[in-house]
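Here the structure comes first, spelled out in structure tokens, and everything after it is commentary.
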Amino acid sequence: MRFAVKLYLLICFSFLFSIAHATRSFIIDTDVGTDDELALLYLLAQKDIDIKAITVVGTGESHCPAGLKNVAGLLALMHQEKIPLACGRVTPLSGEHHFPDWLRKQADNLAGAAGLLPKVDVKTSQTAVQLLVSTLRSANEPVEILAIGPLTNLGALVDKAPELKNKIKMIYIMGGAVESSGNLIEVDQTIKNTTAEWNIYVDPKAADNVFRSGVPITMVGLDVTNQVPVTPAFYQKLKQNQNSLANQFFYELFHQNEAEIIDHKWYFWDVLSAVVAYDDSIVQASNKKLRVLLSPEEQSGTTVVDKNGNNIRVCTTVDKQRLEHILMSTLKATS
């Protein structure tokens, strides 16, 4: 009898221990802009997150070869070089939208901060879609995906391998806007579209594929990211906390955007998305039926409420002070 009781208690303890130390599997799909790097670092720093793969969006802010090197450099900095990497296609699934050349060149060298990263020889054997497919097929449990760039890779994935949709637990998308205006003309004043957000605008067909896929989606769009500009106070704290190469690197990223920070025009776009992906209690959200407009051109890439749309969990408000505290704590922990 005593043996049975001990065995029962041992089984219960083992079960509770396994729950307490359970890891969550993630894929990160990124276009490797300056704020993407901090988003990557945040998830890399979480002990209960197992990043299975990182795919670089070829239609995003950085050109894929440069973006790949910058991701590999960050992985080396964080001693996580074994995470597989891959590049995606360089054209949208449909249309010719693209980020301005000057912005892409800036992203390629992370506004001058890329020189602080370790130099890594990057070798890839698969395309982004191939890596996504192989990672999902080999997963024992559904995988979560953080998407912090145009949705070209994921749009191609759900189109080419729809049988793998049930292997995706949730896609956290930094993109779109429901109640807010778009952000295109802030970067390119020649664009007449005032309602779309960049990540959806660059490849609206891909976004439409993902939205229609039936995969659960949490949208971290401009409605909530507009609430969290990088504050001068946070910037000063970062400036005072440069006791590691990682912190020096991130200070340099922010320093290159100092003018925008002072004017409250540089935001925690992708960083907030990463924090939400890890712990969504930092935001309030509501379910909305959304669709992505493909035309007319003046509205292409706009995310609109439509009773016949797809059910999307849309983040609406955020705890700003908690976000800053989380990010500073993460950076200090990497010292």
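Under mature numbering (1 follows the signal peptide of the UniProt record, and there is no 0), the residues of the sequence shown are numbered -22 to -1, 1 to 313, in order. No residue lacks a Cβ here, since even glycine has one placed at the ideal position from N, Cα and C.
- Of the residues L142, T130, N131, L129, the one whose Cα lies closest to the Cα of S116 is L142.
- When beta bridges are read from the DSSP output, N289 appears opposite K267.
- In this structure, DSSP gives I163 a state outside helix and strand, which the three-state scheme calls coil.
- Around D13, the same chain offers W247, D248, V249 as residues with beta carbons nearer than 6 Å, after the five sequence neighbours per side are excluded.
- Boundaries of the alpha helix (DSSP H) around Y256: 247 to 256.
- V136 is a Cβ neighbour of S191, given a cutoff of 9 Å.
- Judged by DSSP in its simplified three-state form, I304 adopts helix.
- Closest in alpha carbon position to T294, among S251, R269, G287, H303, is S251.
- Assigned with DSSP and collapsed to three states, L95 falls in coil, not helix or strand.
- According to the DSSP assignment, K30 belongs to no alpha helix (DSSP H) but to the beta strand (DSSP E) extending over 27 to 34.
- Of the residues N289, V193, K83, N265, the one whose Cα lies closest to the Cα of N144 is V193.
- For T209, same chain residues with a beta-carbon under 8 Å away, outside a window of 5 residues either side, are I239, H242, E302 in chain order.
- In this structure, DSSP gives T12 a helical state, which the three-state scheme calls helix.
- For K147, the enclosing beta strand (DSSP E) has its first and last residue at 146 to 152.
- Two segments are said to touch when three or more pairs of C-beta atoms, one from each, lie closer than 8 Å; by this definition the segment 49 to 67 touches the segment 83 to 100.
- By the criterion of a C-beta distance shorter than 6 Å, G90 is surrounded in its chain by Q234, once the five residues flanking it on both sides are discounted.
- Assignment of P207 by DSSP, reduced to helix, strand and coil, places it in the strand class.
- When the beta-carbon positions are compared, I290 and L268 come within less than 9 Å of each other.
- Counting the other CB atoms within 10 Å of its CB gives N131 a total of 16 or more, which places it among the buried residues.
- Contact annotation: the segment 64 to 82 touches the segment 179 to 187, with at least three C-beta pairs closer than 8 Å.
- The Cβ atoms of Y245 and V292 lie no closer than 9 Å to each other.
- The beta-bridge partner set that DSSP reports for V296 consists of V261.
- Distances from the alpha-carbon of N204 to those of E230, R67, M152 put M152 closest.
- The straight-line gap separating the alpha-carbon atoms of T8 and P128 is approximately 8 Å.
- Looking at L16, A17, V282, the one whose alpha-carbon comes closest to that of D201 is V282.
- Closest in alpha carbon position to P43, among L309, N288, R82, is R82.
- In the DSSP annotation of this structure, the continuous segment of the beta strand (DSSP E) that includes I195 starts and ends at 195 to 198.
- The shortest CA-to-CA distance from G11 to any of L22, K25, F77 is the one to F77.
- Contiguous alpha helix (DSSP H) elements confined to the segment 75 to 124 occur at 79 to 86, 106 to 116, taking only those with 4 or more residues.
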